[in-house]
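The opening position of the sequence shown corresponds to residue 12 in the working numbering, with each subsequent residue numbered one higher. Cβ atoms here follow ideal geometry from the backbone N, Cα and C, with glycine treated the same way.
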Amino acid sequence: LKYMPFILFACFIFKKLVYKFVVYWAVYRSKKVIIPSQDAIDDFKKAFPNIDESKYVLAYEGVDPVYQDVQIDSSNVLQKYNIKKPFLLYVSSMYEHKNVPRLIEAYELLKDKYNFEGHLVLIGKKDKFSESIWGLVKQKGLEGQVLMPGMDAYVPDEDVLALRKEALAYVFPSLKEGFSLTPLEAQEVGLPCVISNIKCHLEIYEDSVLYFDPYNVDDMAQKINEVIVNENLRKDLIDKGKKIQNKFSWENTAKI
Numbered sequence: 012l013k014y015m016p017f018i019l020f021a022c023f024i025f026k027k028l029v030y031k032f033v034v035y036w037a038v039y040r041s042k043k044v045i046i047p048s049q050d051a052i053d054d055f056k057k058a059f060p061n062i063d064e065s066k067y068v069l070a071y072e073g074v075d076p077v078y079q080d081v082q083i084d085s086s087n088v089l090q091k092y093n094i095k096k097p098f099l100l101y102v103s104s105m106y107e108h109k110n111v112p113r114l115i116e117a118y119e120l121l122k123d124k125y126n127f128e129g130h131l132v133l134i135g136k137k138d139k140f141s142e143s144i145w146g147l148v149k150q151k152g153l154e155g156q157v158l159m160p161g162m163d164a165y166v167p168d169e170d171v172l173a174l175r176k177e178a179l180a181y182v183f184p185s186l187k188e189g190f191s192l193t194p195l196e197a198q199e200v201g202l203p204c205v206i207s208n209i210k211c212h213l214e215i216y217e218d219s220v221l222y223f224d225p226y227n228v229d230d231m232a233q234k235i236n237e238v239i240v241n242e243n244l245r246k247d248l249i250d251k252g253k254k255i256q257n258k259f260s261w262e263n264t265a266k267i
């Protein structure tokens, strides 16, 4: 037991080295490497400076056509998960780089400083990361206010689509992404987005979202509140979100 922390750390370092070698070997042996953003290409260049840059192919992702075709009774979905409007929505995993603890802090600030009375709904699969977030929610006494339907059962895509259509705003505070598809999916159904100002987001979303500093909880809460209370801003973001959809589609990706 005395040496257990050292052993665990050594195993972690070894795992990272093996992972990096496997990725390097795959990149080295490949003819082309398809990457979903210029920001991610820049990361590859830094990680593997001796790889020929001509291998990298920029291919943006797109929204699944299902978001245009599926008809869902949203009221039944809200009742199913005991969610009441208004609510803010987050859809993704709860990995550390997703920055969910700061989102919860920003939600507390929204309630205390800006008098927001709605829910924060976090949609993601049940694993050790989401269990940790749920533990934080209980520690802060926010059960019934921060809702995590995925802790009880798998939330199917159709239900997620219904929640996107009924949410007040989509919030995504991630610290690092390769493309970041979920805000685009939110925009497809007319949901205004408030997201982190990381390089990937600035590249993909341009001026179609409202940005915040993901390390600054005050800024996060302020920007979310702006989207909640400013109807003109909401309409502008919804309109720009619809227009930017023309830039991203799997059909365009396939043509590259």
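CB-CB length for residue i against residue j, believed under 8 Å
i: Pro194; j: Ala180; result: With a Cβ gap of about 11 Å, Pro194 and Ala180 do not count as contacting.
i: Phe183; j: Pro47; result: So it is not a contact: roughly 16 Å between Cβ atoms.
i: Tyr222; j: His212; result: 7 Å
Residue i and residue j closer than 8 Å at C-beta
i: Glu188; j: Gln49; result: no
i: Val102; j: Val171; result: yes
i: Lys176; j: Ser260; result: no
i: Asp224; j: Asn208; result: yes
i: Ile83; j: Glu169; result: yes
i: Leu147; j: Pro112; result: yes
Range of the contiguous beta strand (DSSP E) that encloses residue i
i: Phe98; result: Phe98 to Val102
i: Tyr222; result: Leu221 to Phe223
i: Phe183; result: Ala180 to Phe183
i: Val171; result: Careful: Val171 lies outside any beta strand (DSSP E), inside the alpha helix (DSSP H) at Asp168 to Glu177.
Contact set for residue i: own chain, Cβ-Cβ below 8 Å, skip 5 residues either direction
i: Ser41; result: Lys66
i: Ala164; result: none
Nonlocal neighbours in the same chain, by C-beta distance under 6 Å from residue i, ignoring five residues either side
i: Tyr125; result: Asn236
i: Trp145; result: Met159 and Met162
i: Glu116; result: Val228
i: Ile45; result: Val68 and Ala70
i: Pro97; result: Gly129 and Leu179
Segment limits, alpha helix (DSSP H) that includes residue i
i: Ser85; result: Ser85 to Lys91
i: Leu131; result: Element bounds for Leu131: not the alpha helix (DSSP H) but the beta strand (DSSP E), His130 to Ile134.
i: Ser191; result: No alpha helix (DSSP H) contains Ser191, which DSSP labels as neither H nor E.
i: Ile94; result: No alpha helix (DSSP H) holds Ile94; DSSP gives it neither H nor E.
i: Tyr39; result: Met15 to Arg40
Contacts around residue i, its chain only, beta-carbon distance under 7 Å, and the 5 residues preceding and following it disregarded
i: Thr264; result: Ala70, Tyr71, Glu72 and Gly73
i: Leu121; result: Phe127, Ala232, Ile235 and Asn236
Pair every Cβ in the segment 49-61 with every Cβ in the segment 115-132, then say whether three or more of these pairs are closer than 8 Å.
With a cut-off of 8 Å, the segment 115-132 and the segment 49-61 do not count as touching, because too few Cβ pairs lie within range.
Is there contact between the segment 236-255 and the segment 87-94, where contact requires at least three CB pairs shorter than 8 Å?
The segment 236-255, when compared against the segment 87-94, does not touch it at the 8 Å Cβ threshold.
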